[in-house]
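Visitor:
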Amino acid sequence: MSGKIEKLTYVNERGESITFSHASVYHTNEVNGLSDVRNAIYSINSMGQDGDTYLGNRIESREIEIVGSIRERNKDRMREYRRKLTHIMNPQYSAKLIYEYGDFKRYIDCKVDNAPVFSRKAIFQDFTIQLLCLNPFWREENEIREDIATWVGGLSFPVQIPSTGWEIGYRQPSLIVNVYNGGDVKAGIRIDFRAIGEVTNPSLLNVDTQEFIKLNMTMEAGDILTVSTGYGEKSVTLKRGGQIIDAFRYLDVDSSYLQLEVGDNLFRYSADNNLENLEVSIYHNNFYLGV
151 MSGKIEKLTY
161 VNERGESITF
171 SHASVYHTNE
181 VNGLSDVRNA
191 IYSINSMGQD
201 GDTYLGNRIE
211 SREIEIVGSI
221 RERNKDRMRE
231 YRRKLTHIMN
241 PQYSAKLIYE
251 YGDFKRYIDC
261 KVDNAPVFSR
271 KAIFQDFTIQ
281 LLCLNPFWRE
291 ENEIREDIAT
301 WVGGLSFPVQ
311 IPSTGWEIGY
321 RQPSLIVNVY
331 NGGDVKAGIR
341 IDFRAIGEVT
351 NPSLLNVDTQ
361 EFIKLNMTME
371 AGDILTVSTG
381 YGEKSVTLKR
391 GGQIIDAFRY
401 LDVDSSYLQL
411 EVGDNLFRYS
421 ADNNLENLEV
431 SIYHNNFYLG
441 V
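Heads up: take any position in the sequence shown, counting from 1, add 150, and you land on my numbering.
Here it is in structure tokens:
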């Protein structure tokens with residue numbers, strides 16, 4: 151336990167990174183905004199009404215401030231560290247911030263709001279950095295994948311062939327999967343419809359809400375239809391013959407951009423014809439209000 155320390159790693163879109171911690175040359179004195187979020191509440195009122203009528207709310211973007219010191223007494227090396235910090239934390243680049251404590255790790259997308267501001271103290275060079283996270287939620291490193299309809303291998307090695315033969319693989323019999331959202335808020339999903347033969351009008355239904363996503367088209371063997379429902383990430387694409395094309399025109403007009411409620415979410419896949427030729431996978435991230 152004594153070897154664990156908190157650290158923040160800033161990684162820009164070019165892959166360049168800076169680590170802030172008590173053990174880093176970029177020593178952190180104070181960090182604000184890692185766990186606190188602001189909830190904007192919308193309401194209306196009218197003459198003679200006591201109080202307000204609630205309309206809705208939203209979580210506002212997150213601001214993170216890092217205050218620290220460059221722990222270097224040599225002025226020449228200090229200027230090199232200062233130059234590196236300014237170069238990597240270029241406001242023109244998109245970036246992500248990684249929080250780590252031991253094995254615990256969370257990610258958040260960010261941009262530099264204010265480039266590093268430096269102030270000279272008696273010994274070390276102090277700095278203040280302000281980051282803006284338009285999407286205020288932290289996430290895990292990798293997406294979570296749930297398969298509804300896939301083929302499962304039936305071979306293991308070494309192989310002993312019985313006289314009655316053996317099963318090379320089998321198809322999962324269930325049409326329904328429970329996708330568990332272990333985060334703090336709703337989350338969008340990414341759905342892959344994969345055709346191993348001809349399939350007509352594939353769809354995915356939320357069993358609890360009866361909302362669905364349906365694509366009105368005939369898929370060919372090898373096709374992959376991908377639907378993303380995350381806020382600001384809505385898309386429908388078709389991968390066929392090595393090419394990826396926009397497929398929004400195939401989206402049924404009554405479709406909904408399915409979201410994961412916190413906790414259990416039951417989904418059922420379907421198709422108008424040749425359901426046995428369809429494989430479906432659902433990907434999602436858990437989103438957290440803080441670390």
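The beta carbon of each residue, even a glycine, is placed where N, CA and C say it ideally should be.
Can you tell which of Arg270, Asn285, Arg223, Ser269 has its C-alpha closest to the C-alpha of glycine 382?
Guide: If you number the sequence shown from 1, residue 382 lands on position 232. Closest option to glycine 382, Cα to Cα, is Asn285.
Visitor: Rank Cys260, Glu213, Gln393, Asn366 by C-alpha distance to the C-alpha of threonine 159 and give the top, closest one.
Guide: In the sequence shown, the residue the question calls residue 159 occupies position 9. Taking only the C-alpha atoms, the option nearest threonine 159 is Cys260.
Visitor: In angstroms, rounded to a whole number, what distance separates the CA positions of leucine 355 and glycine 372?
Guide: What you label residue 355 is simply residue 205 of the sequence shown in a count that begins at 1. What you label residue 372 is simply residue 222 of the sequence shown in a count that begins at 1. Computed Cα separation, rounded: 23 Å.
Visitor: Since isoleucine 238 is in the beta strand (DSSP E), which residue starts that stretch and which ends it?
Guide: Working through the sequence shown from its first residue, we reach residue 238 at position 88. Careful: isoleucine 238 lies outside any beta strand (DSSP E), inside the alpha helix (DSSP H) at 225-238.
Visitor: Here's the rule I'm using: 16 or more other beta-carbon atoms within 10 Å means buried, otherwise exposed. How should proline 241 be labelled?
Guide: Here residue 241 refers to the residue found at position 91 of the sequence shown. Exposed is the call here.
Visitor: To which residues of the same chain is threonine 278 closer than 6 Å at the C-beta, ignoring the five residues directly before and after it?
Guide: For the purposes of this step, residue 278 is taken as the residue at position 128 of the sequence shown. Closer than 6 Å at Cβ, skipping near neighbours: Val217, Val267.
Visitor: Roughly how many whole angstroms lie between the Cα atoms of isoleucine 318 and leucine 425?
Guide: Mapped onto the sequence shown, residue 318 falls at position 168. Mapped onto the sequence shown, residue 425 falls at position 275. Its pLDDT being 49, under 50, isoleucine 318 is placed unreliably in this model, and the value from its coordinates should be taken loosely. When rounded, the distance between both Cα atoms is 21 Å.
Visitor: Just checking my contact of isoleucine 363 with valine 377 at CB under 8 Å: how many whole Å lie between their CB atoms?
Guide: Working through the sequence shown from its first residue, we reach residue 363 at position 213. Working through the sequence shown from its first residue, we reach residue 377 at position 227. Confirmed, Cβ separation roughly 6 Å.
Visitor: Please say whether isoleucine 209 and asparagine 189 have beta carbons closer to each other than 8 Å?
Guide: Start at 1 with the first residue of the sequence shown, and residue 189 comes out as number 39. Start at 1 with the first residue of the sequence shown, and residue 209 comes out as number 59. Yes. Within cutoff.
Visitor: Do the stretch 160-178 and the stretch 237-255 touch if we need at least three Cβ pairs shorter than 8 Å?
Guide: yes
Visitor: Hey, alanine 337 and asparagine 331 are a contact pair by Cβ (cut 8 Å); roughly how many whole angstroms apart?
Guide: Translated into the one-based positions of the sequence shown, residue 337 becomes position 187. Translated into the one-based positions of the sequence shown, residue 331 becomes position 181. The pair is a contact, with the Cβ atoms about 6 Å apart (cut-off 8 Å).
Visitor: Grouping DSSP H, G and I as helix and E and B as strand, with all else coil, what is tyrosine 381?
Guide: For the purposes of this step, residue 381 is taken as residue 231 along the sequence shown, with counting starting at 1. Tyrosine 381: coil per DSSP, three-state reduction.
Visitor: Below 8 Å between beta carbons: does that hold for glutamate 429 and arginine 340?
Guide: Within the sequence shown, residue 429 is the residue found at index 279, counting from 1. Within the sequence shown, residue 340 is the residue found at index 190, counting from 1. The answer is no: Cβ separation not under 8 Å.
Visitor: In terms of residue numbering, what span does the beta strand (DSSP E) encompassing isoleucine 346 cover?
Guide: Locating residue 346 in the sequence shown gives position 196, where the first residue counts as 1. Neither: isoleucine 346 is in no beta strand (DSSP E) and is coded neither H nor E.
Visitor: Which class does tyrosine 400 belong to by DSSP, given the choice of helix, strand or coil?
Guide: Counting from one through the sequence shown, the residue named residue 400 turns up at place 250. If DSSP states are grouped into helix, strand and coil, tyrosine 400 belongs with the helices.
Visitor: State the CB to CB distance for the pair leucine 375 and leucine 388, rounded to an integer number of angstroms; the pair is presumed to be in contact (CB under 8 Å).
Guide: Translated into the one-based positions of the sequence shown, residue 375 becomes position 225. Translated into the one-based positions of the sequence shown, residue 388 becomes position 238. Between leucine 388 and leucine 375 the Cβ distance is about 6 Å, and since that is below 8 Å, they are a contact.
Visitor: If you draw a straight line from the C-alpha of arginine 212 to the C-alpha of phenylalanine 170, how long is it?
Guide: The residue given as residue 212 occupies position 62 in the sequence shown. The residue given as residue 170 occupies position 20 in the sequence shown. Inter-residue distance for arginine 212 and phenylalanine 170 is about 19 Å (C-alpha atoms, whole angstroms).
Visitor: As a quick exercise: from Lys246, Leu184, Gly380, pick the residue whose alpha carbon is nearest that of tyrosine 438.
Guide: For the purposes of this step, residue 438 is taken as residue 288 along the sequence shown, with counting starting at 1. It is Leu184 whose Cα lies nearest to the Cα of tyrosine 438.
Visitor: Using alpha carbons as the reference points, say which of Asn179, Ile298, Phe254, Ser193 lies closest to aspartate 342.
Guide: In the sequence shown, the residue the question calls residue 342 occupies position 192. Nearest option by C-alpha distance: Ile298.
Visitor: For a minimum of 4 consecutive residues, which ranges assigned as the alpha helix (DSSP H) are wholly contained in the stretch 166-224?
Guide: none
Visitor: For the beta strand (DSSP E) that contains leucine 428, what are its first and last residues?
Guide: Here residue 428 refers to the residue found at position 278 of the sequence shown. That run of the beta strand (DSSP E) goes 428-434.
Visitor: At the level of alpha carbons, what is the spacing between glycine 347 and asparagine 423?
Guide: Locating residue 347 in the sequence shown gives position 197, where the first residue counts as 1. Locating residue 423 in the sequence shown gives position 273, where the first residue counts as 1. About 11 Å.
Visitor: If you check the beta carbons only, do leucine 410 and aspartate 358 fall under 8 Å apart?
Guide: The residue given as residue 410 occupies position 260 in the sequence shown. The residue given as residue 358 occupies position 208 in the sequence shown. No, the pair does not count as a contact, with Cβ atoms beyond the cut-off.
Visitor: Roughly how many angstroms separate the alpha carbons of valine 349 and valine 386, rounded to a whole number?
Guide: Numbered from its first residue, the sequence shown carries residue 349 at position 199. Numbered from its first residue, the sequence shown carries residue 386 at position 236. Those two C-alpha atoms are separated by around 17 Å.
Visitor: Please name the residue or residues paired with lysine 261 in a DSSP beta bridge.
Guide: By one-based count along the sequence shown, residue 261 stands at place 111. Lysine 261 is bridged to Ser244, Leu282.
Visitor: Here's the rule: buried if 16 or more other CB atoms are within 10 angstroms of the residue's CB, otherwise exposed. What is threonine 203?
Guide: Translated into positions along the sequence shown, residue 203 becomes position 53. Flag for threonine 203 reads exposed.
Visitor: Compute the Euclidean distance between the alpha carbons of serine 405 and glutamate 361, then round it to the nearest angstrom.
Guide: Sequence index remark: in the sequence shown, residue 405 carries index 255 (1-based). Sequence index remark: in the sequence shown, residue 361 carries index 211 (1-based). The straight-line gap from Cα to Cα measures roughly 7 Å.
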